[in-house]
Structures are given as structure tokens and as C-alpha cells.
């Protein structure tokens, strides 16, 4: 077993929240995260379409090193349309951590239901669903 | 596969194979003010070809606020005709659906029901269910 494998946590985090929003920003003064324009339905005039967005994730009851993945999946076909990856090291199991992934424009090839699945060390923790629809809100 | 690498330090995105995708970004992406998060390392985004169903995966939640999965549940994924089937191999429980997400939801519901049912009857179980309860008990705990 390599040093890297040894340091990877076996503790399965609890996914407290995963939210999709237009913009997430860190307040440099307070360290608070600001989520602007939380949504779960994307309206568009045509498909395919693309949209930049931010994915906010909050985890609890975790400790150690985690590889975090957020996968954008088309629910009907199981096509993985995008992957967002990051690493996180959590020092105390008693505190929760939150972070966000600002994304490049993500492609939505057709109308339907999509999921942003959250994985930690290759373990599925849960997902936020989002519908992509034709038309105006 | 097209990958976009977003570097925290530089706050910029690179699309090395942007020409290869129909969904390439129309302009340079600048995310400097969004990326100063002490916890995150390098963020990667990818757009890739349709994926086949995974053969297996690990599940770390059964979507019940009273319960916590502390050891991942091993799940085998199969396709049977039009239907996707998920199997928690150690528990001999199955989930079904039109797609993987539905089959996973169904499996999670089945494991939830199994947990509460076996917990209620834990002192009068036969050998096979006792084994299943032992596995469940090892993988899932009640939240305080």
C-alpha cells in the first residue's frame, strides 16, 4: 500500500447539502459562502445548450483526505457529461466543511432530468437533481 | 474526452481539446474571485462520450436521516432488457429502474426497509437473516 493510499480516509462523509446555483462566491472578509440564484430547473430556448454554474457541497462527519468528484449525469441515459474534481483534507470529524465548484459552461444536450452526483473517495454520497426544459420560466 | 483544467492559483480555465467538442466554451472562462477556497485543490471539468453502465459502485448513503452509512455498500449493476438492476451483493437486496439513478433509489429504499425490519426482529432471526443483520449492523449505524 502506498503512502497516498494510507492517507485516504475510510470514513464515509455525510452529505448535508448539494445545491446548484448561478454563482457562488467567497466573502473574503468573513469567509462565508454566498450562493446566488439557487435553482433546480434550467430553462432554455433550444438544445443543446450550455450554462456555467456553481455547485455547492456541504459535508459533515468526515475526517482525513478525500478525493471529491461531482459528476453531471443525464439520468435517463447515464451519460456522464462532466466531472468536477477536487481534493480536501478535513482535520476534525466534529466540524462540517463546505466548498463549491465554479464550473465552465456545462453542456446539456437534450431536455430531461440531470443529476449532480457527489462522490468522495469513489463512494457515492448523493445527488442534486435538475430538470432542463424548453421554454421560459 | 475533453478536460478543462481550472487552476486555483491562476484562476483560469484551459480547454486543451476545445476544438474536438461541439459544446466548447464560447469565451475564456475567468473564475478568479470564485476559487479562493482553502479546502479545494485543482478543479477539473470534463465532457466526455456516453458512458456504459458501471459494473459496480460503492454507495455511502441510504437516504434516511436517522441512519448513517459508515462502511460503503458494495453494489453490482446489471442491465436486464430495458431495466437496470442494482444488487447490494452482501445483503442480497435488489433495486430496479429505467436508469441507474432510479435503480439506485430503489435499492436504497430496499436497504432502508430491510434495516428497520431486521432491527425490529433482530432477536428472532434465522441464520441467513442473522448474517444479513450482522452485515447491516456493521455498515449502517443509528445516528445519535
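Residue numbers (my numbering), protein chains in the order written: chain A, 457 to 593; chain B, 12 to 155.
C-beta: ideal position from N, C-alpha, C; glycine also.
Asked, Found
"Separation of residue 476 of chain A from residue 545 of chain A, as counted between CA atoms", "23 Å"
"Cβ pair residue 115 of chain B, residue 97 of chain B closer than 8 Å", "yes"
"Distance CB(residue 480 of chain A)-CB(residue 489 of chain A) smaller than 8 Å", "yes"
"Selected residue, minimal CA-CA separation from residue 512 of chain A, among A:592, A:556 and A:575", "A:556"
"Touching by the beta-carbon criterion (3+ pairs, under 8 Å), the region 66-80 of chain B and the region 490-498 of chain A", "no"
"Chain A within 8 Å of residue 137 of chain B, Cβ atoms only", "no"
"Sequence-distant residues of its chain with Cβ nearer than 6 Å to residue 147 of chain B (five each side left out)", "126"
"Inter-residue spacing [alpha-carbon to alpha-carbon] between residue 468 of chain A and residue 517 of chain A", "8 Å"
"Cβ-based burial, residue 138 of chain B [other Cβ within 10 Å; buried from 16]", "exposed"
"Residues of the region 72-83 of chain B whose Cβ lies closer than 9 Å to any Cβ of chain A, in chain order", "72, 74, 79, 80, 81, 82 and 83"
"Coil, strand or helix - residue 143 of chain B by DSSP", "helix"
"Secondary structure of residue 133 of chain B, DSSP reduced to three states", "helix"
"Short CB-CB distance (under 8 Å) between residue 568 of chain A and chain B", "no"
"Length of the line joining the Cα atoms of residue 473 of chain A and residue 529 of chain A", "18 Å"
"Min CB distance residue 112 of chain B to chain A below 8 Å", "yes"
"C-beta neighbour in chain B for residue 576 of chain A, strict 8 Å", "yes"
"Same chain only: Cβ atoms within 7 Å of residue 558 of chain A, ignoring 5 sequence neighbours per side", "480 and 510"
"Residues bridged to residue 510 of chain A [DSSP beta-bridge criterion]", "A:477 and A:558"
"Residue-level contact to chain B via CB, residue 513 of chain A, 8 Å cutoff", "no"
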